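Residue numbers (the working numbering): 74 to 326.
Written out as structure tokens, the structure reads:
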């Protein structure tokens, strides 16, 4: 029986050793999966960071281009308005000269009016003409300012709309990237779950097989021990029977 007990202890050691081996295998498997999850998370973070830097660079580039375009647009308007103002002032100057000469001619042809009164009339005409031209110049400058402000606002609005479109595109790009990463993560976790369940099944099958093998071996050993015990008992009984026969008196034989 001592051999049988040793066998039982050996079987128990085999089961414990296998359980420890399977546990180590599962721990290694889970660690591998955890590293894969961490790698995916790190890669996702790096991808999002790269995307953010790219988007910032695009926005900064668009802002520089927009600022340059706006400045160029403003300069074009101001240059044209300066040209228009110069042409307008030259026209006023010519008109003033023509009017002044015309008044002088009219005064020279008028011999009935005293010279002093003529001078006063000429001065009054000049003053009225200068006042009219000043009002016309002020009106032109006002119109130019209104035109400048209106078109600059319109241009700024176009820039803002374009910038908003770029920002919306960046947001969509970021959301698409995050959605793709989430889908990849979900698929990875499903794959992890399946591989873990497959490993658990294989390990359970291996452990159950060893247990069944050991149980069969144990039963076989028990049967062999029982048969050996029965044979030994038969031999003992046979020897006892022989001894009893030998010890009987001869007259009884």
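Where a beta carbon is used, it is the ideal one built from N, C-alpha and C, also for glycine. Since we're looking at a predicted model, the values are computed, not measured.
Rounded straight-line distance, which links the Cα of residue j to that of residue i
{"i": "residue 157", "j": "residue 172", "result": "22 Å"}
{"i": "residue 83", "j": "residue 295", "result": "15 Å"}
{"i": "residue 211", "j": "residue 154", "result": "13 Å"}
{"i": "residue 76", "j": "residue 280", "result": "24 Å"}
{"i": "residue 276", "j": "residue 244", "result": "47 Å"}
{"i": "residue 103", "j": "residue 239", "result": "43 Å"}
{"i": "residue 111", "j": "residue 220", "result": "60 Å"}
{"i": "residue 315", "j": "residue 80", "result": "37 Å"}
{"i": "residue 217", "j": "residue 150", "result": "9 Å"}
{"i": "residue 259", "j": "residue 96", "result": "26 Å"}
{"i": "residue 127", "j": "residue 241", "result": "15 Å"}
{"i": "residue 256", "j": "residue 98", "result": "28 Å"}
{"i": "residue 188", "j": "residue 164", "result": "30 Å"}
{"i": "residue 317", "j": "residue 297", "result": "30 Å"}
{"i": "residue 152", "j": "residue 174", "result": "33 Å"}
{"i": "residue 203", "j": "residue 223", "result": "30 Å"}
{"i": "residue 308", "j": "residue 299", "result": "14 Å"}
{"i": "residue 274", "j": "residue 86", "result": "22 Å"}
{"i": "residue 319", "j": "residue 303", "result": "24 Å"}
For residue i, the first and last residue of its enclosing alpha helix (DSSP H)
{"i": "residue 147", "result": "75 to 182"}
- [ ] Would you check if the stretch 241 to 257 and the stretch 193 to 211 touch, i.e. whether three or more CB-CB distances between them fall below 8 Å?
- [x] no
Open item on the list: Closer than 8 Å is the cut-off here; do at least three beta carbon pairs connect the stretch 135 to 146 with the stretch 234 to 247?
Closed with: yes
Open item on the list: For the structure I just gave you, are there three or more beta carbon pairs, one from the stretch 259 to 272 and one from the stretch 105 to 117, closer than 8 Å?
Closed with: yes
- [ ] Inspect the CB distances between the stretch 280 to 293 and the stretch 140 to 147 and report whether three or more fall short of 8 Å.
- [x] no
Open item on the list: Which complete alpha helix (DSSP H) runs does the stretch 196 to 262 hold, if anything under 4 residues is left out?
Closed with: none
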